[in-house]
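Structure, rendered in structure tokens:
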């Protein structure tokens, strides 16, 4: 017994890892024949859960070898918080996770199975998608399934009523905000109680000002947060803050989306599913969006923030040691990578859009079609601040930092110095 | 073996082998459990607090770096420590005396005292996490009941989002529950006070106030000890209410939340989180040791 196992055993006693080991226990389901594929799912919300169930049963039906999927669904947040221990314990063969740095982090730790051979046969995926599915070693680890772009959302009827035009540049955006104030609207619905929604605004200002490459390097810890370019981001943000709903740190995204729905607020930076979830069915068609405005013409509107969810193989899964099971798992990924498989999912969850350009978009809502245009026209696709960097950095440093900025927008120097100091200690712990 | 001979033998041989075996098992199991689920993890935390373990890779020793980092380079740490102490002070100096006051009033038999008693005790059956959800319904800026009652729509107060304000609102919510808890304990204590003591004090011409502070309160000493212990425990283990409200961020930081954020969450800074846990352990030990010393002294004097 090594020292690490001993410590781990002690920690298990504390119950610190009791939950993940329970999760893992679910994973040791039937196997043997190599035809049952275990799949760990974080889709605990009813809509996606049902949509996935549809997709998985469709896989079972089309499989000529009688393969089927056994799904272990775990509450979304629990799954996310325990992913570390889940992947080291007894994970399911296939599991759902996110693209980008968050995936690369685990790939580097040797917890993911290389699926480059699968990728050689995939069709209908853009180079940007491939880049987001690739680890630092150049091998592919993720099969993307859907994404949900972020943009500035608003109500068509409000824009028509006041004769507003979608702004193209930051100046126009601020001018529009001023006009909305005159019309007794809160220009921008704003929320950050949960800690993450405001990250979308930060990412967009950063990518519009400094470009995607800088965003990527900053998130990977390769650029200094004390850099003038980062301070510029906060300065720009401060110039928008007077038009944002005050008290953002006490407001959930549901409340912010509700104020947009009630026509109290004019616009909001959100992901595709967020306004949809708070608008009643009859008003869904009234949702519209425009891409985040241009700040630096050099970068234009090249980058689109569009988090990608997909499927991966867990290296530590016992079943994958069996060649037959491995083949089954890879067969499942191949099927999930087809446009048809994505169509089945999106038929019951219209808040996302398919990644494959072979997916059938004829049944999409006008909003979804517009979202497809947005991402297919993007030169780069970013994930989200908390998916493009180390999880320990985003949750323990960036969430409090952005909330501090919202409370005290003037002390940017103190803020970036504090972020940089903490970043150094966290990124230094890398092996 | 006859009885007189056995009585003559003193010391360890009083027990037969079987007695020893039974004792050994009965004492041994709890001791083993205690070591395995209390002391083992405690020691593991202390050991891990000197490493930079992330839960995946190998363990690297980093000496006291986690602690240096914690004290100088973690903006949430000092606020969290202050909030824990504030929690203790608020419960100890405001909520607990208030509970005592209510108990005394109810004990004197004010009208509808049973009604007050059950109303005030009601929140105690709720988990603090539930109290947190209720607090959000009341204090939310846009949709909360309090701002609706105040009809404050122009520039509503952000009870839970303003970091200078929210800790007080949460303390109020926590005290709402704590007061009822304390009240019930004191009510039980007051019922046990011998009425003849009060009569004697009245005959001696003591005022109500004098009777309470000189006669009744001192006889409540055992209850005071229990209430004191409960208050300290409640203050140090405070977690669920702030976690339910906003995950313990933006003015609601607590040491327990920082431990969770670093260890249980996706962050997995197990070494760093352990260092925070050790700080919390030391603070708790301070109170536990003081309490034990007092108790042991009290035993001797009795």
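Protein chains in written order, with my numbering: chain R, 18 to 448; chain S, 191 to 492.
Each residue gets a CB set at the ideal place from its N, CA and C atoms; glycine is no exception.
Every value quoted in this text rests on a predicted model; they were computed, and no experiment measured them.
query	result
What does the Cβ neighbour count give for residue 256 of chain R, buried or exposed, with the cut at 16 atoms within 10 Å?	exposed
Tell me whether residue 223 of chain S is buried or exposed, calling it buried when 16 or more other Cβ atoms sit within 10 Å of its Cβ.	exposed
Could you have a look at residue 171 of chain R and say whether DSSP puts it in helix, strand or coil?	strand
Along the beta strand (DSSP E) that carries residue 288 of chain R, what are the first and last residues, could you check?	282-288
Determine the closest residue to residue 399 of chain R out of R:61, R:289, R:51 and R:149, with distance taken between C-alpha atoms.	R:149
Closer than 8 Å, Cβ to Cβ, to anything on chain S: give me those residues from the region 153-183 of chain R, in chain order.	none
Using 8 Å as the limit for Cβ to Cβ distance, is residue 220 of chain S near chain R?	no
In the DSSP output, which residue or residues are listed as bridge partners for residue 322 of chain R?	R:399
Would you verify that the beta carbon of residue 404 of chain R is, or is not, closer than 8 Å to some beta carbon of chain S?	no
Just the Cα atoms here: how many angstroms apart are residue 274 of chain S and residue 428 of chain S?	8 Å
Here's the rule: buried if 16 or more other CB atoms are within 10 angstroms of the residue's CB, otherwise exposed. What is residue 86 of chain R?	buried
Distance, Cα to Cα, residue 43 of chain R vs residue 411 of chain R?	For residue 43 of chain R, the pLDDT reaches just 45, beneath the cut-off of 50, and the residue's location in the model is therefore unreliable, although a value from the coordinates is still provided. Spanning the two alpha carbons is a distance of roughly 29 Å.
Pick out the complete alpha helix (DSSP H) segments inside the region 340-425 of chain R, 4 residues or longer, and give them in chain order.	340-353, 356-365, 383-393 and 416-424
Check for me: the beta strand (DSSP E) holding residue 114 of chain R runs from which residue to which?	111-115
Identify, in the order they occur along the chain, each residue of the same chain with its Cβ nearer than 8 Å to the Cβ of residue 36 of chain R, setting aside the five sequence neighbours on each side.	For residue 36 of chain R, the predicted model reports a pLDDT of 45, less than 50, meaning its position is unreliable; a value from the coordinates is still stated below. Closer than 8 Å at Cβ, skipping near neighbours: 95 and 99.
Taking DSSP as the reference, what is the three-state secondary structure of residue 483 of chain S?	helix
Nearest-angstrom Cα distance between residue 325 of chain R and residue 391 of chain R?	14 Å
Roughly how many angstroms separate the alpha carbons of residue 406 of chain S and residue 388 of chain S, rounded to a whole number?	8 Å
Do you know how far the Cα of residue 292 of chain S is from the Cα of residue 303 of chain S?	10 Å
Which residue from S:484, S:248 and S:452 puts its Cα closest to that of residue 264 of chain S?	S:452
Could you confirm whether any beta carbon from chain S is found closer than 8 Å to the beta carbon of residue 92 of chain R?	no
Roughly how many whole angstroms lie between the Cα atoms of residue 230 of chain S and residue 338 of chain S?	51 Å
Can you name the residues of chain S whose CB is closer than 8 Å to the CB of residue 97 of chain R?	456
Which chain S residues are close to residue 266 of chain R, counting only those with a beta carbon under 7 Å from its beta carbon?	351 and 440
According to DSSP, is residue 327 of chain R helix, strand or coil?	strand
Looking only at DSSP bridge pairs, what is residue 304 of chain R linked to?	R:172
Which residues in chain R sit within 7 Å of residue 265 of chain S, going by Cβ to Cβ distance?	417 and 435
Which residues bound the alpha helix (DSSP H) around residue 414 of chain S?	411-427
Check residue 297 of chain R in the structure and name its three-state DSSP category.	coil
Tell me, please, whether the CB atom of residue 253 of chain R is closer than 8 Å to any CB atom in chain S?	no
Could you check where the alpha helix (DSSP H) with residue 320 of chain S kicks off and where it finishes?	318-329
According to the Cβ coordinates, are residue 351 of chain S and residue 268 of chain R closer than 8 Å?	yes
Pick out the complete beta strand (DSSP E) segments inside the region 118-200 of chain R, 3 residues or longer, and give them in chain order.	159-164 and 167-172
Please classify residue 210 of chain R as buried or exposed, where buried requires at least 16 other C-beta atoms within 10 Å of its C-beta.	buried
So which residues of chain R does residue 431 of chain S contact, with C-beta pairs closer than 7 Å?	Per Cβ cutoff of 7 Å: no residues; residue 431 of chain S is ~15 Å from chain R at best.
For the region 388-400 of chain S, which residues have a beta carbon sitting closer than 7 Å to at least one beta carbon of chain R?	none
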